[in-house]
Amino acid sequence: MPMALLRPRGRSPWGAGRRAARDGRGDRLTGRGLPTRPPRGTVQTPLSDPRGTPRAGGPRPEPRGPPMIRTVVRSAAALAASVAVAGAALTPATAAQPSYDVVNLGDSFSAGIGAGYPAPAEDVPGCYQGTGTSAAEKLGSTGRLDLLLDASCSGATTTQIAAIAQYPTVDAALDEAELVTLTLGGNDVGWTQVLLACSTLGDPALCDALLAQVPARIAAAAASAGETIRLIDANTDGTIVVLGYPHLFDGGADTAFLSAERIAQLNAATDALNAALRAAAEANGAIFVDVTDRFAGHGADSTDPWIYFNPANLQDPNNLHPNQLGYLYGYYPALRSALSQGQLAR
């Protein structure tokens, strides 16, 4: 993995960042020249509390219900668990290789829900993260990536992620980060409500009504995601990577939980959300990594599922999130490919 493509510590490719301006630390890497951009603007948000804790309306754990796309790095964090398992085979060992500092933000797809069981997050009060092997936990095993902080939060919306990014401990970690990974937007759309209404146990009329609202919800989610990305970008010199969402079901045939028609509608909505998030990410200087092709053939309805689903218990909080295989063979290779193809050298 050519980590030289990451932004060098202490210097932004857009010019001197706030950390470089503060302490003047130099670049640890050499070579590749990078473009410049206008100075960063100041992004203000009413979501943070100066005492470092979320005010009323901040993120709260959502341990119940079948969280559909609770949205990229315990996923993306889960993305890195994989780093531990696959990293040694991907990158030849070399002496004194520099490490790169990573901060993981985002919703349940970043928090590793689906691998292990949700448990209180150590670094983000009121939030839950998965207890299974995740990229976040294994990130430092490669010797090339060092997870400074996992501030992901299951159930978090885009505005709640923005609030978390302003906690003093998170803000300090972002100041040191060279790579920031996250998933966001799914909870703004309200996928859990849509999924339940559209299931074979739901209300067809309500399903149709909610699906009709999805385009407007996606537009609002993308606009809010753009604001959150700008806020994070204003607080870090690191490269920001936004990971998309997979199709949860492959479709093509009816299942006991969803008809083939409803699966096709939900997958089309997922594609629309991913397209809107890509536009929001790229418009604000972030990298978008699509994962739908990686998960193709491994939906919850497949014979080799990478999506966890327990139809006997619709209240299982892991439902309709990547399982360990999904994080290891879906999300991580997608991120690794972005690194190896130089997409992070903007």
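For the sequence shown, the positions run 1 to 346 when my numbering is used.
Each residue gets a CB set at the ideal place from its N, CA and C atoms; glycine is no exception.
Please identify the residue among L147, P215 and S108 whose C-alpha is closest to the C-alpha of A269. Looking only at L147, P215 and S108, the smallest Cα-Cα distance to A269 is reached by P215.
Going by alpha carbons, who is nearest to Y332 out of Y100, S99, L231 and F109? Ranked by how close their Cα comes to the Cα of Y332, the residues Y100, S99, L231 and F109 have F109 in first place.
Could you pull the start and end residues of the beta strand (DSSP E) that V102 belongs to? Note, V102: beta strand (DSSP E), Y100 to N104.
Can you tell me the Cβ-Cβ gap for D101 and E178, rounded? I've got them flagged as a contact below 8 Å. For D101 against E178, the beta-carbon gap comes to about 5 Å, under 8 Å, which counts as contact.
When DSSP labels each residue in this structure, what does V43 get in the three-state scheme? The pLDDT assigned to V43 is 37, lower than 50, so where the model puts this residue is not dependable, and the model offers no usable value.
Extent of the continuous alpha helix (DSSP H) to which P204 belongs: Membership of P204 in the alpha helix (DSSP H) is indicated by the continuous run P204 to A234.
According to the neighbour-count rule (16 or more other Cβ atoms, all chains shown, within 10 Å of its Cβ), is G251 buried or exposed? The residue is buried, with at least 16 neighbouring Cβ atoms inside 10 Å.
Can you tell me whether DSSP reads R32 as helix, strand or coil? Residue placement at R32 is flagged as unreliable, the pLDDT there being 31, under the threshold of 50; the coordinate-derived value follows with that caveat. In this structure, R32 counts as coil in the three-state DSSP scheme.
Within 10 angstroms of the Cβ of T200, are there 16 or more other Cβ atoms? Answer buried if so, exposed if not. Around the CB of T200, fewer than 16 other CB atoms lie within 10 Å, so the residue is classed as exposed.
Is it buried or exposed for S224, if we count other Cβ within 10 angstroms and need 16 for buried? Buried: at least 16 other Cβ atoms inside 10 Å.
For the structure I just gave you, are there three or more beta carbon pairs, one from the segment 164-184 and one from the segment 230-243, closer than 8 Å? As far as the Cβ criterion goes, the segment 164-184 touches the segment 230-243, which means the pair count is three or higher.
Whole angstroms is fine: what's the gap from L266's alpha carbon to A219's? So the two alpha carbons sit approximately 16 Å from each other.
By the DSSP assignment, the beta strand (DSSP E) with I287 in it spans what residues? Counting along the chain, I287 sits inside the beta strand (DSSP E) bounded by residues I287 to V289.
Grab the span of the beta strand (DSSP E) containing V180 for me, first residue to last. Note, V180: beta strand (DSSP E), L179 to L182.
Can at least three beta-carbon pairs, one atom from the segment 117-131 and one from the segment 146-153, be found at a separation below 8 Å? A contact exists between the segment 117-131 and the segment 146-153.
Taking buried to mean at least 16 other C-beta atoms within 10 Å of its own C-beta, is P204 buried or exposed? Here P204 is exposed, its C-beta having fewer than 16 other C-beta atoms within 10 Å.
Ends of the alpha helix (DSSP H) at V170? That run of the alpha helix (DSSP H) goes P168 to E176.
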